[in-house]
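A.B. asks: Take a look at this one; I'll ask things after.
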Amino acid sequence: MEIDKDGRKEKNSIRSRHISKLHERVQTKYCEMQKKLEKAKTADLLACVKEDHNTKLVPLNANVLQEDKSHNFMATQMTVEVDDAKGNDSTSREIVYDEAIISGRHVVPIVELLINDDNNIQKSENASLFDLSFKGSLESLAEVKDDALSDDCTEPASSAPKSIRSRIRLRIREARKRKQEKEKNDKNKRRNSYSNVEKLILSNTTKRDITTRVTKKCKIATVTIALIEVAGFNVLEEEKPRYVGCRIRLGSEKRKSKMIKTNNSKVMFQELHHFNLYEDEHTLEIVVWDKDVKVGRHTIDLSRIEKEKTKKIQVLLDDSEIQIFYLLTISGISDINTLYNMYDNDAGEAKHLRRKYKWYRLCDTSDVGWLNVIVYGAKGLNGNDCYCILSLNNERVFTATDNKTNAPSWMKVFHFQVTDITSILEVTVYDEKKGEEVGNISIPLLNIESGKKWYALKESTQRERARGNNPRILLEMEVSWNLIKASLKVLTPKEVNVMESEEKLDRHLLARNIARGRVIVMWLVDALRILKSCFEWQSRKANIISLICWLFFCYFFKTWMLPLLLLLPFCIYRPRADGKKQIPKEEENFQKEKEDKSLRQRIQDFQETIQTIQNFVGKVASLGESIKNLYNFSVPFVSFLAIFLISIIACIMFLIPLQYILMVWGIHKFTRKILKPNRVPHSEILDLLSRVPDDITLTNCQEIPLEEISDDNEF
């Protein structure tokens with residue numbers, strides 16, 4: 212029994228010593244972990260220190276360390292109970308150990324101590340937290356049992372002070388290295404992004420321009436190219452057609468025309484292309500392609516082209532018999548022909564032009580007159596980046612863009628050479644940013660009154676007011692023309708608008724043209740019905756008067772009186788006393804329905820026939836409206852000219868017998884082809900009627916009254 216008690220006591224003593232050593236090791240590990248944590252915080256702080264930062268070394272004495280130690284460690288008493296494995300009895304023992312408490316206010320002194328001189332700091336033998344050997348419970352109990360026989364109260368081994376200077380330096384170097392690598396990577400990314408942008412910009416240029424340096428360019432003007440036609444191809448009789456297209460290049464800008472499928476010798480494009488003209492970029496290049504085969508090339512130096520004028524260019528391509536025809540305009544220059552320098556340059560020129568177009572100067576019949584237009588500005592527009600376009604026949608010029616305002620002030624002066632006094636000036640305002648039309652107006656040259664005037668802008672259909680706050684434009688125009696030249700020009704073929712193409716098949720347009728033709732037919736039917744009613748005795752008074760007039764006409768009729776019959780409509784539609792013209796309102800009651808595409812594909816062969824009917828009806832209606840407007844003085848100049856010509860014809864027929872007139876007329880008709888083989892066949896009467904606008908043109912030229920405004924005199 213005594214032996215069992217001694218063995219049991221020995222086991223209890225071994226267990227108690229083992230537990231005490233275990234707690235001592237736990238305390239040591241805990242202290243080391245706290246120190247490692249503090250070192251990690253110190254390394255993070257040192258990583259943020261700049262390279263040029265001077266760290267002050269503060270020496271620490273033993274008293275300070277002793278004081279810090281006294282504050283950071285306090286005694287802790289803990290009771291541990293150990294139960295017997297068999298549950299017979301248990302022993303308890305009080306273990307006293309020091310608990311380490313690290314205060315945040317001592318971080319800086321510790322860091323300053325650690326980065327002191329190498330001679331004042333010892334190197335750490337154990338660098339990591341788990342470098343110490345930590346044995347399991349069975350091994351530790353066996354070791355304690357062996358050591359218990361020799362020494363019952365072994366003191367725990369005190370850990371030597373550890374320095375982490377080398378590790379801190381290593382971490383600082385790694386942090387610096389990472390920072391340098393990051394800066395280097397950022398620099399490479401910026402360089403690569405710049406090179407990518409440069410490649411993207413230069414990808415739109417030719418190979419010989421790749422080496423040019425990308426710099427900020429200054430726009431000096433806008434170039435407008437109206438590509439009209441390319442002629443000179445061989446006519447293809449086989450079914451396989453050709454696909455003709457053009458590529459236009461000015462500096463780094465390129466444009467492509469549409470591909471035209473045709474077998475004819477002439478290809479019509481009728482396209483507008485706009486380019487920005489920069490400094491040192493004055494070479495315009497046009498290349499004609501037949502699919503992937505290069506047909507020819509044409510280049511022109513824009514520095515030799517007159518500014519603010521439309522130039523017609525019809526030339527042969529290089530090394531080819533193909534001929535290209537296009538219109539070229541360089542306009543939109545802000546410092547040329549402005550209102551500020553107009554009086555310095557053009558004051559004497561205006562007087563010279565007025566003398567040039569006196570009625571007795573007939574040197575050049577094609578030069579009828581001149582038109583001077585001053586575009587002051589506009590107000591109430593539905594756009595903030597607007598510019599103005601002026602078109603007269605085939606000449607097209609425009610102002611510079613006035614940005615970030617809905618009341619632009621262009622102050623631009625334009626000069627036009629008038630070749631036909633019956634032409635119409637079209638003024639259009641565009642929004643450059645939105646790429647849409649803001650408003651437009653159409654002004655016949657014969658209706659121009661000298662002086663400033665506000666014009667209300669209309670929408671694209673020219674039927675209603677444009678969107679905005681009472682949109683209007685201020686213009687000052689002056690026109691001077693030669694009466695005799697203009698009269699002779701009216702009897703010649705009218706200048707063709709090269710940008711005007713035939714209308715495509717449209718059921719709405721067809722219905723409108725049919726309605727217009729119906730109005731003219733009904734007008735003629737009504738006239739015949741009135742004439743017929745004079746002989747049907749529907750009204751006795753009218754019938755008696757008609758009979759007396761007819762008897763007198765038959766008794767006194769001579770041949771020279773026949774043209775005078777054409778003067779009767781002028782008497783009926785004589786000008787009103789107030790000077791206002793009666794403009795018929797066009798009635799449009801067309802329903803918009805969705806078109807069946809499959810049905811349109813089925814009747815594709817029938818489209819050409821319908822298109823011909825549509826255009827024919829439109830021409831007939833336009834001709835009838837022109838005749839009507841000729842008699843109702845819609846264009847007084849042409850109406851009075853017609854009266855004068857009719858009077859001259861009547862005088863000639865009075866002086867010369869009819870048979871001689873018919874002989875001269877027959878000789879003229881048979882010999883005109885011999886005398887003028889290149890003469891363009893035309894009819895003088897139709898040429899005269901072509902100068903008289905139809906109802907649609909008159910409606911487009913109708914002015915909209917301005918709303919009440921109070922700031923018209925700002926310009």
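For what it's worth, the working numbering labels the leading residue of the sequence shown as 212, then goes sequentially. We put the beta carbon where it would ideally sit given N, CA and C, even for glycine. Nothing here was measured: the structure is a model prediction, and the numbers come from that model.
#1: With distances taken from CA atoms, which of Arg718, Ile654, Asp575 and Leu758 is nearest Lys696?
#2: Residues in the same chain with beta-carbon distance under 6 Å from Met622, minus the five sequence neighbours each way, listed in chain order, please.
#3: With distances taken between CB atoms, is the gap from Met479 to Gly456 smaller than 8 Å?
#4: Which of helix, strand or coil does DSSP assign to His484?
#5: From the DSSP output, in three-state form, read off Gly662 for me.
#6: In the structure shown, what three-state DSSP assignment does Asp717 receive?
#7: For Lys240 and Lys393, what's the separation of their Cα atoms in angstroms?
#8: Under three-state DSSP, which class holds Val579?
#9: To the nearest angstrom, report how far apart Ala853 and Glu819 are at their CA atoms.
#10: Hey, Thr633 and Asn604 are a contact pair by Cβ (cut 8 Å); roughly how many whole angstroms apart?
#11: Under a three-way DSSP split, which group does Gln628 fall into?
#12: Does the beta-carbon of His719 have 16 or more other beta-carbons within 10 angstroms, so that it is buried, or is it exposed?
#13: Find the nearest neighbour of Gly662 within the set Val736, Asn693, Arg678 and Val584, judged by alpha-carbon distance.
#14: Do the CB positions of Tyr568 and Trp734 come within less than 8 Å of each other?
#15: Would you decide whether Arg683 is buried or exposed? Buried here means 16 or more other CB atoms lie within 10 Å of its CB.
#16: Kindly indicate which three-state DSSP category Gly728 falls into: helix, strand or coil?
#17: Whose CA, out of Ala677, Tyr454 and Leu873, lies closest to the CA of Asp503?
#18: Below 8 Å on the Cβ atoms is my guess for Leu495 versus Ile511; work out the distance and round it to an integer in Å.
#19: Considering only residues of the same chain and omitting the five flanking positions on each side of Ile759, which have a CB-CB separation below 6 Å?
#20: Given Ala442, which residues of its chain have a CB within under 6 Å of its CB, disregarding the five upstream and five downstream residues?
#21: In chain order, what residues of the same chain lie with their CB nearer than 6 Å to the CB of Ala726, ignoring the 5 residues before and after it?
#22: Identify every run of the beta strand (DSSP E) within the stretch 428-507, keeping only runs that are complete inside it and at least 3 residues long; order them along the chain.
#23: Which of the three DSSP states is assigned to Asn651 in this structure?
#24: Can you give me the C-alpha to C-alpha distance between Phe827 and Glu560, rounded to a whole angstrom?
#25: To the nearest angstrom, how far is it from the Cα of Ser404 to the Cα of Ser463?
#26: For the stretch 807-879, which segments carrying the beta strand (DSSP E) assignment without a break, of at least 3 residues, lie completely within its bounds, in sequence order?
#27: Output yes or no for whether 8 Å exceeds the beta carbon distance between Ser671 and Glu648.
#28: Does the beta-carbon distance from Asp905 to Glu836 come in below 8 Å?
#29: With burial defined as no fewer than 16 other Cβ atoms inside 10 Å of the residue's Cβ, what is the status of Tyr571: buried or exposed?
#30: Using CA coordinates, which residue listed in Lys669, Leu694, Glu660 and Tyr666 is at the minimum distance from Met688?
#31: Do you know how far the Cα of Ile544 is from the Cα of Thr639?
#32: Cutting at 6 Å between CB atoms, please list the residues of its own chain near Leu656, excluding the five before and the five after it.
#33: Do you know how far the Cα of Lys246 is from the Cα of Asp397?
#34: Quick check on Ala611: does DSSP put it in helix, strand or coil?
#35: For the alpha helix (DSSP H) that contains Ser757, what are its first and last residues?
#36: Indicate whether Glu637 and Ser653 have their beta-carbon atoms separated by less than 8 Å.
C.D. replies: On the basis of the coordinates in this document:
#1: Position 485 of the sequence shown, counted from the first residue, corresponds to residue 696. Among Arg718, Ile654, Asp575 and Leu758, the Cα nearest to that of Lys696 is on Asp575.
#2: Residue mapping note: residue 622 aligns to position 411 of the sequence shown, counting from 1. These residues qualify, in order along the chain: Thr549 and Leu550.
#3: Reading the sequence shown from its first residue, position 268 is the one you call residue 479. Reading the sequence shown from its first residue, position 245 is the one you call residue 456. No, Cβ-Cβ distance for Met479 and Gly456 is not below 8 Å.
#4: Within the sequence shown, residue 484 is the residue found at index 273, counting from 1. Residue state, collapsed to three classes: strand.
#5: Translated into positions along the sequence shown, residue 662 becomes position 451. Here Gly662 sits in strand by DSSP.
#6: In the sequence shown, counting from the first residue as 1, residue 717 sits at position 506. If DSSP states are grouped into helix, strand and coil, Asp717 belongs with coil.
#7: Taking the first residue of the sequence shown as position 1, residue 240 is located at position 29. Taking the first residue of the sequence shown as position 1, residue 393 is located at position 182. One C-alpha to the other measures close to 38 Å.
#8: Taking the first residue of the sequence shown as position 1, residue 579 is located at position 368. Reduced to three states, the DSSP call for Val579 is coil.
#9: What you label residue 853 is simply residue 642 of the sequence shown in a count that begins at 1. What you label residue 819 is simply residue 608 of the sequence shown in a count that begins at 1. Their backbone Cα atoms lie some 37 Å apart in a straight line.
#10: The residue labelled residue 633 in the question sits at position 422 within the sequence shown. The residue labelled residue 604 in the question sits at position 393 within the sequence shown. Thr633 to Asn604, Cβ: 11 Å. No contact.
#11: Position 417 of the sequence shown holds residue 628. Residue state, collapsed to three classes: strand.
#12: Translated into positions along the sequence shown, residue 719 becomes position 508. Counting Cβ neighbours within 10 Å, His719 comes out exposed, since fewer than 16 surround it.
#13: Within the sequence shown, the letter at position 451 stands for residue 662. Shortest Cα-Cα distance from Gly662 to any of Val736, Asn693, Arg678 and Val584 involves Val584.
#14: By one-based count along the sequence shown, residue 568 stands at place 357. By one-based count along the sequence shown, residue 734 stands at place 523. Contact flag unset, no.
#15: Mapped onto the sequence shown, residue 683 falls at position 472. Buried, since its Cβ has 16 or more Cβ neighbours within 10 Å.
#16: Position 517 of the sequence shown holds residue 728. Looking at Gly728 - three-state DSSP - the assignment turns out to be helix.
#17: Taking the first residue of the sequence shown as 1, we reach residue 503 at position 292. It is Tyr454 whose Cα lies nearest to the Cα of Asp503.
#18: Residue 495 sits at position 284 when you count from the first residue of the sequence shown. Residue 511 sits at position 300 when you count from the first residue of the sequence shown. About 5 Å; that satisfies the 8 Å criterion.
#19: The residue labelled residue 759 in the question sits at position 548 within the sequence shown. Nothing meets the Cβ criterion.
#20: Position 231 of the sequence shown, counting from 1, holds the residue named residue 442. Same-chain partners within the cutoff: Lys477 and Gln534.
#21: The sequence position of residue 726 within the sequence shown is 515, counting from 1. Within the same chain, Ala726 has no close Cβ partners at all.
#22: 430-442, 453-461, 464-467, 471-473, 477-489 and 494-501
#23: Position 440 of the sequence shown, counted from the first residue, corresponds to residue 651. Correct three-state label for Asn651: strand.
#24: Walking along the sequence shown from the start, residue 827 turns up at place 616. Walking along the sequence shown from the start, residue 560 turns up at place 349. Their backbone Cα atoms lie some 46 Å apart in a straight line.
#25: The residue you call residue 404 lines up with position 193 of the sequence shown. The residue you call residue 463 lines up with position 252 of the sequence shown. Approximately 21 Å between the Cα atoms of the pair.
#26: none
#27: To locate residue 671, count along the sequence shown from 1; it is residue 460. To locate residue 648, count along the sequence shown from 1; it is residue 437. In contact: Ser671 and Glu648 (Cβ atoms closer than 8 Å).
#28: Here residue 905 refers to the residue found at position 694 when the sequence shown is read from its first residue. Here residue 836 refers to the residue found at position 625 when the sequence shown is read from its first residue. In contact: Asp905 and Glu836 (Cβ atoms closer than 8 Å).
#29: Position 360 of the sequence shown, counted from the start, is the residue given in the question as residue 571. Per the 10 Å Cβ criterion, exposed.
#30: Stepping through the sequence shown from its first residue, residue 688 is reached at position 477. Of the listed residues, the one whose Cα sits closest to Met688 is Glu660.
#31: Locating residue 639 in the sequence shown gives position 428, counting from the first residue. Locating residue 544 in the sequence shown gives position 333, counting from the first residue. C-alpha separation (whole angstroms): 18 Å.
#32: Counting from 1 along the sequence shown, the entry for residue 656 is found at position 445. Contacts found: Ile632, Ser634 and Val690.
#33: On the sequence shown, position 186 is the one that residue 397 refers to. On the sequence shown, position 35 is the one that residue 246 refers to. Distance between the alpha carbons of Asp397 and Lys246: 37 Å.
#34: In the sequence shown, residue 611 corresponds to position 400, counting from 1. Ala611 falls in the coil class under three-state DSSP.
#35: Counting from 1 along the sequence shown, the entry for residue 757 is found at position 546. Arg751 to Phe767 is the extent of the alpha helix (DSSP H) around Ser757.
#36: Taking the sequence shown and counting its residues from 1, the one referred to as residue 637 is at position 426. Taking the sequence shown and counting its residues from 1, the one referred to as residue 653 is at position 442. Closer than 8 Å, so yes.
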